[in-house]
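Trainee: Here's a structure for you.
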Amino acid sequence: MSASPASRPSSQAHALGHQLSRRAFFGSAGMGVAGLGLLQSPAIAEQLAKNQKRVIMLFLSGGMSQFESWDPKPGRPTGGPFQAIQTSVPGYHISELMPKMAAQLHRHTAVIRSLESKNRDHVDVTLYAGMKVVAGLNMPSIGSMLCRELANPELAVPHHVMFTASAYRGGHYTESPGFYGSQWGPINVLPDHIPPRPPFTGTGTSVLRLSPNSMGLPSGMTIRQHADREQMRDRLSQAFLEGRNRDAVLMGHSAGYSRVRGLMDCSHLYDIEKEPRKIRDAYGLTGFAQQTLVARRLVEAGVPFVRVNFGWWDTHGQNFEAHQEMVPELDHVMVTLLDDLATRGLLEHTLVVTFSEMGRTPGVNGNMGRDHFSRFSVSLSGCGIKPGVIYGETDADGQEISKDPVTLHELFATIFKAVGVDHQKEYHSPDGRPVPLTEYGTEPVSEVLA
Amino acid sequence: MADTPASKDPGTKEAPAAAAKPPAVEIKNVKTFFPPLKGDQPKPDYYSIVAVPDSDLVFVGGDTGKILAIDMAAEKPTPTAWDAHVSFVTGLVLTDKHLVSSGSDHQMIWWDRESRERVRTIPQPKWVRHLTLSPDGQVIASVCDDMVCRLWEADSGRPIRDLEGHAQFTRFHLRSKLYAAAFSRDGSHLATVDYAGHALVWETATGRRLADVFAPFFFYQDISEHGYGGIRGVDFSPDGRLIALCGNLCGDGSQIQRSSALIQVYDWRSGKLASELRGDNFFYERVRFHHQGKWLLGMGGAGSGQKLTLIDRDGKSPVAEAKPEAKLAPMFDLWLSENADVCFTAGRNNVSKWSISSPS
C-alpha cells in the first residue's frame, strides 16, 4: 500500500515518484542487486527520503508523571518537590527537570496537557486507540497505521522499527499490525541481555542492542561468500526470467529477494559508529540516547515510523527520585534529537511525539510513589505542528481536566493530520466492513496544527 | 545491646533463669499527634523534625512548605504554622539563636528562634536534601543536589567552605544525588552519603577528604540502566571509628518489592564492612548510634517498614521494635535526644514521641 494522496510528497518529489513507479522499480530488479530500483540513484532516493513524512515516537513506558514534566503544580499539596520554570513560551511553566526543553519550547513543540484516556493500566490499548474497535477484528496499532500511510515502497528500508531499552515486565508493548497484515508490523529491537535480578551489586551493565536480530550474515558465512551466493542466485534468476518478465508472480518473487537484500543492506543504519564522534557525544551514552540516535538515522534513510521506548516509569515507589533521574535524560535526548533533525532539514518532515500509556496520580502513596492515572500530557514537535502552542489545562491540583479535554481518538487524528494523512481514510476489513483510521466524527486538535 | 549471656565471662556462674535473661531494651510510642486537616486536603508528609532539648517542643516541616511548632506535651496540641518554603521542607536544625530550614525550593532560611521571623534567606544551586548541626552548635552542614556539602557558620550564615568530591554522575551516566550528612561526636569528622553508594569522610577543620567508602549494595541498576536506592542516612559510632549507613538493597524500583531494607556498618578508615542488617520491603531512612554504643536505631520509611528498630551493638540483630499508631504512615525523619531516651519522628500527617529504655 502506498502513501495516501494527502501524504504523498509534492512537487519535485512527487514527479520523481511517478518517474520511478513501482513497475519501473520491479522492472529494474532483473538487473541485479546492485541495480535495484531507486538504490541505483542515490540522489533520487535521497530526495524521496527527504520529503517523505515520518514519525518518531518517544514512548515513555510505564507512565511518566505529568506533574514532574509538562504540567507541574508547585506549591500545591499534589505538586511534589520540584519547582516550575518559565519556558520560552510566555506564561507556560514546566518542571525544573526539563531546562533544555524549557529554553526552546517555542521553536518546534506544542504540548497538550489535557489528554484523557479510559485506560489507566499497563496495557497497550493507548497504542490501539485510533480506529473504532470492530468486533472480531484485530486492530492495527498507531505505528502500523502510520507506517502504512507513510511508507515509500520504493525505498528498501524497514517500514516500522521499535526499540526498547527495557524488557522489564514487557514494558515495550509490542505493536501489532492487526488486519493490515504482518508487513506493517514492527521490526523489534530488544535488549540483548537482561541483568540478573537482586541481589545485584550493580557492577555489571546491561548490553543494549541497537540493531535487530538476524540483520547480519549467518554464522560462519563471510561477506564474500554471501555476495557469491547472491550473484549466483541473480544469474539463475535472470536466466529463468528470460521471456517471462511480464509474469507478476515471478517478478514479485525476485523483488522479494531484493527487498530482503535491501533490508540487510540497511544494517549500517543501526551502527552509530558511523556517526561523527561529536554527534554521538551530543546524544549521550545511555541506551535511550543511543537508540534515539539510531532512530534519527533510520528516519533520515526513509523509515516512516520508529518508536523508541524509554522506561520504566511505573513509579509506585520513589516517584520523585526516579523522575529526577529520568526526566533530565528525556529532556536532554529530546532536545538533541530535535536540534539534530532541524539541522539536517528533517524536522519539517518528521513529527516527534512523546507519549505514555497513562499518567500518574496527583496523590502520593506510602511508598512515596504516584499511582496510575487516566489524565496526562503529550508533546508534539516538528512536522505539521504549530510550535509554542500549549493546549488544554488541568485544575490547580491536577485532579481534573479544566479546559479543552482531548481524547486519544482526537490525539491520533491530530497526529495523522500533522503528517498529511486523512484521519478519516477508510480501509476495509477482510469481510468488507469499512474501518476509518479514526472513529467517524473525530476531529483533530486544529489549534496545535500549523 | 549490652550484657547478653554471650558477652559474659564464660567462667562466671550465673543463677539460672533470672541471670540468663538479658536486661530489657524497649522502645514505646508515647504519643502520636495528627495535625488537623482542612476539608479534603491530602495528608501532608513531614520530612524533617527537630526538637528543643529537654522539652516537648518540636518543629516539623514537610510537603506543604510550612513549618509547624508543636508542643507535644499538650493534651491537644495546637500547632503554630507559618509559610516557609515554596515546596518541601527537607531539613531543620536549631542553633542557639535560630531555627534553620532547607527546602527543595533551592533555599536555606534562618528564622529567629523566638519570634519566628525570617532573618535571612540564602539561595542554593539546587534542592537541599538535609541539614545537620555540629555537636558544638557552631557549624551547619547542608547537602545539595549539586553534590556539594556546604559548611556554614551556624548563626551568622557565613559560608565556611565547600566540600566537593562526590561524583556528579553515577556509573550509568545519570546524575547522582547527595542525601545526608553527619558529624562525629567530637565534631572532628563529617560523613556525607550519596545515591551511587559512596560515603565520604571529611576532616571538618580543613575540608580534607579522608576516606571514600564504597557500599555498592545500596545502589542498584535496573534493566533500563536506571539507578535505584542510594544511601539515605548516616551516623558515626560514639568513638568515631565506624559509620552506619542505611537505605535499601536492590529493590524493584517501581514498587519497593522483592527488596531488603539495609543497614551496614563500616570501619571507614579501612573501608571494611563490619556488620549488616537486612529488613523487609522498605527503606531505612535514618540510622542513629546510641551515644554509648549500646544499640543502633533504624527508622523505616517508605515501603512496608513503618517502624523503629533497635539493633544490637553488633549491628546484626533487632532487639526491639515499635510501630507508629497510624497505619500506612511512612516516617521520614527522626530526632534523638542526647542521652538517647526520647526520640521524635515525623511522617505522613503524624508526629510521634517515643521513649527508649536501655540497660544501664
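Going down the list, the sequences are from chains B and U. Numbering-wise, my numbering comes out as the position in the first sequence, counting from 1, plus 731. Numbering-wise, my numbering comes out as the position in the second sequence, counting from 1, plus 3. Even for Gly, the Cβ is constructed at its ideal location relative to N, Cα and C.
Under 8 Å by Cβ, that's how I've got B:T1017 and B:D802 pegged, so tell me the actual separation to the nearest angstrom.
Mentor: B:T1017 to B:D802, Cβ: 25 Å. No contact.
Trainee: Counting only beta-carbon atoms, is B:V920 nearer than 9 Å to chain U?
Mentor: Not an interface residue.
Trainee: On the three-state DSSP scale, how would you describe B:H999?
Mentor: B:H999: helix per DSSP, three-state reduction.
Trainee: What residue range is occupied by the uninterrupted beta strand (DSSP E) comprising U:N251?
Mentor: Per DSSP, U:N251 belongs to the beta strand (DSSP E) from L245 to L252.
Trainee: How big is the Cα-Cα spacing for B:I1010 and B:L1024?
Mentor: If I take the Cα positions, the gap works out to 9 Å.
Trainee: Pairing CB atoms from the segment 235–254 of chain U with CB atoms from the segment 285–292 of chain U, are three or more of them under 8 Å?
Mentor: Touching, per the Cβ criterion.
Trainee: Give me, in chain order, the residues of the same chain whose beta-carbon lies closer than 7 Å to that of U:S187; leave out the 5 immediate sequence neighbours on both sides.
Mentor: Correct list, in chain order: F239 and G243.
Trainee: Could you tell me the alpha carbon to alpha carbon distance between B:L1078 and B:L1072, rounded to whole angstroms?
Mentor: Rounded to whole angstroms, B:L1078 to B:L1072 spans 5 Å at the Cα level.
Trainee: Can you look up B:P930 in the DSSP assignment and give me helix, strand or coil?
Mentor: Caution applies to B:P930, whose pLDDT of 35 falls short of 50 and renders its modelled position unreliable; the model cannot decide the point.
Trainee: Tell me the rounded alpha-carbon separation between B:I1116 and B:V1179.
Mentor: Rounded to the nearest angstrom, the two C-alpha atoms are 6 Å apart.
Trainee: Could you tell me the distance, in whole angstroms, from the CA atom of B:R964 to the CA atom of B:A1032?
Mentor: For B:R964 and B:A1032, the distance between alpha carbons rounds to 27 Å.
Trainee: Using only the alpha-carbon positions, how far apart do B:M1057 and B:M829 sit?
Mentor: The straight-line gap from Cα to Cα measures roughly 10 Å.
Trainee: Counting only beta-carbon separations shorter than 9 Å, does U:Q309 have a partner in chain B?
Mentor: By this cut-off, U:Q309 is an interface position.
Trainee: Roughly how many angstroms lie between the CA atoms of U:R281 and B:A1144, to the nearest whole one?
Mentor: Whole-angstrom Cα-Cα distance: 52 Å.
Trainee: Less than 9 Å separating the beta-carbons of B:L836 and B:V1064?
Mentor: No, they are not a contact pair.
Trainee: How long is the line joining the alpha carbons of B:Q1130 and U:L60, rounded to whole angstroms?
Mentor: Each residue's alpha carbon lies about 36 Å from the other.
Trainee: How should B:I954 be labelled, buried or exposed, when 16 other C-beta atoms within 10 angstroms of its C-beta is the threshold for buried?
Mentor: By the 10 Å Cβ count, B:I954 comes out exposed.
Trainee: What number of angstroms, rounded off, separates the C-alpha of B:N1050 from the C-alpha of B:G1094?
Mentor: The straight-line gap from Cα to Cα measures roughly 11 Å.
Trainee: What residues in the segment 161–182 of chain U have a beta carbon less than 8 Å from any beta carbon of chain B?
Mentor: Listed by position, the residues of the segment 161–182 of chain U near chain B (Cβ gap below 8 Å) are R174, F175, H176, L177, R178 and K180.
Trainee: Below 6 Å CB to CB, which residues in the same chain sit around B:T1092 once its five sequence neighbours on both sides are set aside?
Mentor: Answer for B:T1092: R1101, D1102 and F1104, listed in chain order.
Trainee: Determine whether the beta carbon atoms of U:I112 and U:A183 lie at a separation below 9 Å.
Mentor: No. Outside cutoff.
Trainee: Which first and last residues belong to the alpha helix (DSSP H) in which B:L1078 is found?
Mentor: Run containing B:L1078: none; DSSP gives neither H nor E here.
Trainee: So with Cβ pairs under 9 Å, would you call U:M148 a contact of chain B?
Mentor: What sits at residue 148 of chain U in the sequence shown is Asp, not Met. Chain B, which has a Cβ nearer than 9 Å to the Cβ of U:D148, makes this yes.
Trainee: How long is the line joining the alpha carbons of B:S875 and B:K1148, rounded to whole angstroms?
Mentor: Each residue's Cα considered, the two are about 16 Å apart.
Trainee: So what does B:Q1049 bridge to, in DSSP terms?
Mentor: Per DSSP, none; premise fails for B:Q1049.
Trainee: For B:Q814, go through chain A and note every residue whose CB falls closer than 8 Å to its CB, in chain order.
Mentor: Absent here is chain A; the protein component of the structure consists of chains B and U.
Trainee: Could you tell me the distance, in whole angstroms, from the CA atom of B:Q1021 to the CA atom of B:F894?
Mentor: Going from the Cα of B:Q1021 to the Cα of B:F894 covers about 10 Å.
Trainee: Of all Cβ atoms in chain B, is any one closer than 9 Å to the Cβ of U:G68?
Mentor: It does; some Cβ of chain B falls within 9 Å.
Trainee: Mapping the DSSP letters down to three states, classify B:H824 as helix, strand or coil.
Mentor: The answer is strand: DSSP assigns B:H824 an E or B state.
Trainee: Note down, in chain order, each residue of its chain lying with its Cβ closer than 8 Å to the Cβ of U:G68, except the 5 sequence neighbours on either side.
Mentor: If we look at U:G68 and ignore the five residues flanking it on each side, its Cβ neighbours are D86, A87, H88, V89, S90, F91, V92, G106 and D108.
Trainee: So, helix, strand or coil for B:W722, using DSSP?
Mentor: Past the edges of chain B, shown from 732 to 1181, lies residue 722 of chain B, and the structure says nothing about it.
Trainee: Step through the CB atoms of chain U and report whether any lies within less than 9 Å of the CB of B:M1099.
Mentor: By this cut-off, B:M1099 is an interface position.
Trainee: Let me check one thing: in DSSP terms, what residues is U:D115 bridge-paired to?
Mentor: Bridge partners of U:D115: U:H101.
Trainee: Express the C-alpha separation of U:L181 and U:R381 in angstroms, rounding to a whole number.
Mentor: Residue 381 of chain U is absent from the model: chain U starts at 4 and stops at 363.
Trainee: Cβ closer than 7 Å: which chain U residues qualify as neighbours of B:L1024?
Mentor: Near B:L1024 there are no residues of chain U at all, since even the closest Cβ is about 14 Å away, more than 7 Å.
Trainee: Any idea if B:Q783 is buried or exposed, counting beta-carbon neighbours within 10 angstroms, 16 or more meaning buried?
Mentor: Classification of B:Q783: buried, given that the 10 Å Cβ count is 16 or more.
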